[in-house]
Amino acid sequence: MSELEQLRQEAEQLRDARKSCGDSTLSQITAAMDPVGRIQMRTRRTLRGHLAKIYAMHWGTDSRLLVSASQDGKLIIWDSYTTNKMGPLVPSLRSTPSPLRSSWVMTYNICPSTCWGGMLPSPAALLDDNQIITSSGDTTCALWDIETGQQTTTFGGHSGDVMSLSLAPDARSFVSGACDASIKLWDVRDSMCRQTFTGHESDINAVCFFPNGNAFTTGSDDATCRLFDLRADQELMMYSHDNIICGITSVAFSKSGRLLLAGYDDFNCNIWDAMKGDRAGVLAGHDNRVSCLGVTDDGMAVATGSWDSFLKIWN
Amino acid sequence: MSTTNNIAQARKLVEQLRIEAGIERIKVSKASSELMNYCEQNARNDPLLVGVPASENPFKDKKPCIIL
Numbered sequence: 001m002s003e004l005e006q007l008r009q010e011a012e013q014l015r016d017a018r019k020s021c022g023d024s025t026l027s028q029i030t031a032a033m034d035p036v037g038r039i040q041m042r043t044r045r046t047l048r049g050h051l052a053k054i055y056a057m058h059w060g061t062d063s064r065l066l067v068s069a070s071q072d073g074k075l076i077i078w079d080s081y082t083t084n085k086m087g088p089l090v091p092s093l094r095s096t097p098s099p100l101r102s103s104w105v106m107t108y109n110i111c112p113s114t115c116w117g118g119m120l121p122s123p124a125a126l127l128d129d130n131q132i133i134t135s136s137g138d139t140t141c142a143l144w145d146i147e148t149g150q151q152t153t154t155f156g157g158h159s160g161d162v163m164s165l166s167l168a169p170d171a172r173s174f175v176s177g178a179c180d181a182s183i184k185l186w187d188v189r190d191s192m193c194r195q196t197f198t199g200h201e202s203d204i205n206a207v208c209f210f211p212n213g214n215a216f217t218t219g220s221d222d223a224t225c226r227l228f229d230l231r232a233d234q235e236l237m238m239y240s241h242d243n244i245i246c247g248i249t250s251v252a253f254s255k256s257g258r259l260l261l262a263g264y265d266d267f268n269c270n271i272w273d274a275m276k277g278d279r280a281g282v283l284a285g286h287d288n289r290v291s292c293l294g295v296t297d298d299g300m301a302v303a304t305g306s307w308d309s310f311l312k313i314w315n
Numbered sequence: 001m002s003t004t005n006n007i008a009q010a011r012k013l014v015e016q017l018r019i020e021a022g023i024e025r026i027k028v029s030k031a032s033s034e035l036m037n038y039c040e041q042n043a044r045n046d047p048l049l050v051g052v053p054a055s056e057n058p059f060k061d062k063k064p065c066i067i068l
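If you read the protein sequences in the order shown, they are chains A and B.
The UniProt record's numbering numbers the first residue of the first sequence as 1 and each following residue consecutively.
The UniProt record's numbering numbers the first residue of the second sequence as 1 and each following residue consecutively.
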């Protein structure tokens, strides 16, 4: 049998295996759930200080400090309670306050041997005190040893640039979303791709794990967010609307996973009922694309960053 | 030469698909129920979902100061 024939057969078997698990839908299972009702949040803080588009932000582990990165080449560390700021600065890991170390690494491209001064927006995830996973710009992801600056593992398999990473809560695996419209689940230790999820029709810009690690959500240029389950190995829900026609840049879950927050190119952030699929609210207030967002570890607030150079804190 | 590369690539893809096809799966109904249960069990500890009383909100609106 030719390789092409084999490929087609294997793909069909995979498709059939998934279908045979499709005994219901998430919508059917959650039909009896109470809807979340209208979710309304107010802007509690506006963080002003960047001089250009903000492209990344991350909360510190204390749910109070956050770091943001802008196209003007600067990083700012904010106290979100008081709006006081440190910076703009080009920090070193050592000078960064401890609750922020993982955040700093996530917003600042960390190719230790080459890019301390570089400010490329790169998806990254801090694995532990000394290891970080990044996308390597050539469709692969890489695991780095921070101290030696060496790449210790490569994760290859995507056929498009990797735009976003999310580390599983147990840190044993991570998912990558790419411009090939697929998401891959990787085992950190053996670097194997365990699962590939398809369904999106364009570049995937954002991925984020559901709090219990059994599912993840994605945001794409195809104007939809989707929910994929790891153990059912398939898409469970799509979050879309006929009058939403622009791409999604960023996604995050609220603490219980019930709310899905997504930042869009049309300057808004939509709040979706992750279980029932309905839109539950909107965060409107930015004057340009929402490029990044994040929910605090304690679940108390969501921060949005925008090309309008501001960050807003909402709850 | 490129045909050998293509064949090697196709073989790798076939191998990868076999690995992915061979995993154990659970039914969508079970996966969905468990996600739903997780949300319900954690709902009251989700401030963005249930709201935050002003007294407990670290981000409550700052009141303007008046210099007496």
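All residues carry an ideal CB built from backbone N, CA and C; glycine is no exception.
On a predicted model such as this, the values are computed, not experimentally measured, just so you know.
Beta-bridge partners of A:Leu66, as assigned by DSSP
Note: A:Leu66 sits in a beta bridge opposite A:Trp59 and A:Trp78.
Which first and last residues belong to the beta strand (DSSP E) in which A:Leu167 is found?
Looking at the DSSP string, the run of the beta strand (DSSP E) that includes A:Leu167 is Val162 to Leu167.
Which whole-angstrom value is the C-beta distance of A:Cys225 and A:Trp272, which I expect to be below 8 Å?
Yes, they are in contact, since the Cβ atoms of A:Cys225 and A:Trp272 sit about 7 Å apart, within 8 Å.
Alpha carbon to alpha carbon, how far is A:His200 from A:Ile183?
If I take the Cα positions, the gap works out to 9 Å.
Does DSSP put B:Gln41 in a helix, a strand or coil?
B:Gln41: helix per DSSP, three-state reduction.
Cutoff 8 Å; reference A:Val282; Cβ partners in own chain excluding five residues on either side:
Here the set comprises Asn268, Cys269, Asn270 and Ile271.
In chain order, what residues of the same chain lie with their CB nearer than 8 Å to the CB of A:Cys246, ignoring the 5 residues before and after it?
By the criterion of a C-beta distance shorter than 8 Å, A:Cys246 is surrounded in its chain by Ala223, Tyr264, Asp265 and Asp266, once the five residues flanking it on both sides are discounted.
Residue(s) in a DSSP beta bridge with A:Gly37:
In DSSP, A:Gly37 forms no bridge with anything.
Is the shortest distance between the beta-carbon of A:Ile77 and the beta-carbons of chain B less than 8 Å?
Taking 8 Å as the threshold, the shortest C-beta distance from A:Ile77 to chain B does not fall below it.
Does the beta-carbon distance from B:Val28 to A:Ser20 come in below 8 Å?
With contacts defined by Cβ atoms closer than 8 Å, B:Val28 and A:Ser20 do not form a contacting pair.
What does B:Ser55 reach in chain A if we use C-beta pairs closer than 8 Å?
Residues of chain A with a Cβ closer than 8 Å to the Cβ of B:Ser55 do not exist; the shortest Cβ-Cβ separation is about 13 Å.
Name the chain B residues that come within less than 9 Å of A:Ile313, Cβ to Cβ?
Within 9 Å Cβ-Cβ: Phe59.
Looking at the unbroken beta strand (DSSP E) that takes in A:Ser135, where does it start and where does it end?
Unbroken beta strand (DSSP E) run through A:Ser135: Gln131 to Ser135.
Looking at A:Asp298 and B:Ile23, is the spacing between their C-beta atoms short of 8 Å?
Contact flag unset, no.
Once the 5 residues before and after A:Asp145 are set aside, which same chain residues still bring their CB inside 7 Å of it?
Counting only residues of its own chain and dropping the five nearest sequence neighbours on each side, A:Asp145 has a CB closer than 7 Å to the CB of Asn130, Gln131 and Thr152.
Run the CB neighbour count on A:Asp242, radius 10 Å, all protein chains shown included, and call it buried at 16 or more, exposed below.
Around the beta carbon of A:Asp242, fewer than 16 other beta carbons sit within 10 angstroms, so the residue counts as exposed.
With distances taken from CA atoms, which of A:Gln13, A:Leu66, A:Ser27 and A:Leu4 is nearest A:Leu236?
Nearest to A:Leu236 by C-alpha distance, out of A:Gln13, A:Leu66, A:Ser27 and A:Leu4, is A:Ser27.
What do you reckon, are the CB atoms on A:Asn288 and A:Thr249 nearer than 8 Å?
Result no, Cβ atoms of A:Asn288 and A:Thr249 do not sit closer than 8 Å.
Under a CB-based cut-off of 8 Å, is B:Leu35 close to chain A?
Output row for B:Leu35: interface = yes.
Within 8 Å (strictly less), CB to CB, does A:Glu147 reach chain B?
By this cut-off, A:Glu147 is not an interface position.
If you measure from the beta carbon of B:Asn5 to each beta carbon in chain A, is any gap under 8 Å?
By this cut-off, B:Asn5 is not an interface position.
Listing by chain order, which chain B residues have their CB less than 7 Å from the CB of A:Ile29?
Ordered by position in chain B, the residues that pass the 7 Å Cβ test against A:Ile29 are Ser29, Ser32, Ser33 and Met36.
Where A:Ala52 sits in the DSSP three-state scheme
In this structure, A:Ala52 counts as coil in the three-state DSSP scheme.
Return the CA-CA distance between A:Thr154 and B:Gly51, expressed in angstroms with no decimal places.
Inter-residue distance for A:Thr154 and B:Gly51 is about 43 Å (C-alpha atoms, whole angstroms).
Measure the alpha-carbon distance for residue 345 of chain A versus A:Asp72 and round it to whole angstroms.
The structure shown does not extend to residue 345 of chain A, since chain A spans only 1 to 315, so no value can be given for it.
May I have the straight-line CA-CA distance separating A:Gly117 from A:Lys74, to the nearest angstrom?
Legend: pLDDT at A:Gly117 = 34, less than 50; position of this residue unreliable, value from coordinates given subsequently. Using only the alpha carbons, I get a separation of about 10 Å.
A:Asn315 burial status per 10 Å Cβ neighbour count (16 or more: buried):
Counting Cβ neighbours within 10 Å, A:Asn315 comes out buried, since at least 16 surround it.
Are A:Leu260 and A:Val295 close, meaning C-beta to C-beta below 8 Å?
Not in contact: A:Leu260 and A:Val295 (Cβ atoms no closer than 8 Å).
Looking only at its chain, what residues have a beta carbon closer than 6 Å to the beta carbon of A:Gly292, apart from the 5 residues adjacent to it on each side?
Correcting the residue identity first, residue 292 of chain A is Cys in this sequence and not Gly. For A:Cys292, where only same-chain residues beyond five positions count, the Cβ hits under 6 Å are Ala56, Met57, Ser250 and Gly305.
Given that A:Thr25 touches chain B, what residues does it touch there, using C-beta distances under 8 Å?
Per Cβ cutoff of 8 Å: Val28 and Ser32.
Given that A:Gly22 touches chain B, what residues does it touch there, using C-beta distances under 7 Å?
By Cβ distance, chain B contributes Val28.
A:Pro112 versus A:Thr198 - alpha carbon distance:
Residue confidence for A:Pro112 is low, a pLDDT of 35 falling below 50, so the modelled location carries little weight; the figure read from the coordinates is stated next. The straight-line gap from Cα to Cα measures roughly 33 Å.
DSSP-derived helix/strand/coil call for residue 341 of chain A:
What is shown of chain A runs 1 to 315, which leaves residue 341 of chain A out entirely.
Nearest neighbour of A:Ala303, chosen from A:Glu10, A:Met41, A:Val162 and A:Ala280 [CA to CA]:
Minimum Cα distance to A:Ala303 is reached at A:Met41.
Grouping DSSP H, G and I as helix and E and B as strand, with all else coil, what is A:Val188?
Three-state result, A:Val188: coil.
Partners in chain B for A:Ser254, counting only beta-carbon separations shorter than 9 Å
Within 9 Å Cβ-Cβ: Asp46, Pro47, Leu48 and Leu49.
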